[in-house]
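Participant: Residues in the sequence shown are numbered consecutively from 3, following the numbering used here.
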Amino acid sequence: MYQGFKQVCPTGVVNENTFKDIFNSYFPQGDASLYAHYVFKACDQQNNGTINFQEFLTGLSMMTRGPTVDKLKWTFKLYDINGDGRITREEMREIISSIYLMLGKYTEPMVNEDTATEHADKVFRRLDQNQDGYVTFDEFLETCQK
């Protein structure tokens with residue numbers, strides 16, 4: 003895996019634009035740029051605008067092989083766009099809309115911005131257990147583990 007990373011990123015780090023290009027190559031039917039931006043932010047642990055191999059591997063491991071709690075922590079971090087420790091309805095809409103954009107217009111059934119907003123609102127209502135307008139990690143964890 004390291005060899006593949008070095009082949010695509012010979013400097014040993016990947017910047018956000020290259021990361022977006024890589025994501026877009028896997029989703030040619032849509033536009034993965036916005037979702038790639040959010041994933042990049044979640045992986046960039048040093049907040050220096052690049053992802054090194056260790057950060058890449060940590061993010062990949064969290065998404066695919068980590069314990070459920072670690073996957074949920076990573077997912078919460080992805081949705082908590084501004085990093086304030088809670089997810090707002092708008093942040094939920096942003097992430098879900100970016101996923102719909104990435105999947106493209108040619109999905110079955112056909113999706114649009116209204117569909118993404120409705121989906122985000124439905125998920126948000128379920129996660130926001132105390133209906134205070136934001137989702138804490140505890141609410142997120144509890145709901146996702148049900």
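Beta carbons: idealized from backbone N, C-alpha and C, even for Gly.
Please classify K22 as buried or exposed, where buried requires at least 16 other C-beta atoms within 10 Å of its C-beta.
Facilitator: buried
Participant: Would you check if the distance between the CB atom of Y37 and the CB atom of S100 is smaller than 8 Å?
Facilitator: yes
Participant: In the structure shown, what three-state DSSP assignment does T119 receive?
Facilitator: helix
Participant: Please report the distance separating the alpha-carbon of N49 from that of I97.
Facilitator: 20 Å
Participant: Since I believe Y102 is in contact with A118 (beta carbons under 8 Å), could you give me their beta-carbon distance rounded to a whole number of angstroms?
Facilitator: Y102 and A118 do touch by the CB rule: their CB atoms are close to 4 Å apart, below 8 Å.
Participant: Of all the options G32, N54 and N26, which has the alpha carbon lying nearest to the alpha carbon of T13?
Facilitator: N54
Participant: Look at the Cβ atom of G32, then the Cβ atom of L80, and state whether they are nearer than 8 Å.
Facilitator: In this structure, G32 lies away from L80, with their beta-carbon atoms at least 8 Å apart.
Participant: Compute the beta-carbon to beta-carbon distance between F58 and F7, rounded to the nearest angstrom, for a pair I have assumed lies under 8 Å.
Facilitator: 6 Å
Participant: Using beta-carbon positions only, say whether T52 and N17 come within less than 8 Å of one another.
Facilitator: yes
Participant: Could you check whether I83 and F142 sit closer than 8 Å to each other, using their CB atoms as the reference points?
Facilitator: no
Participant: Mapping DSSP to helix, strand and coil, what is N19?
Facilitator: helix
Participant: Report yes if the C-beta distance between C146 and L74 is below 8 Å; otherwise report no.
Facilitator: yes
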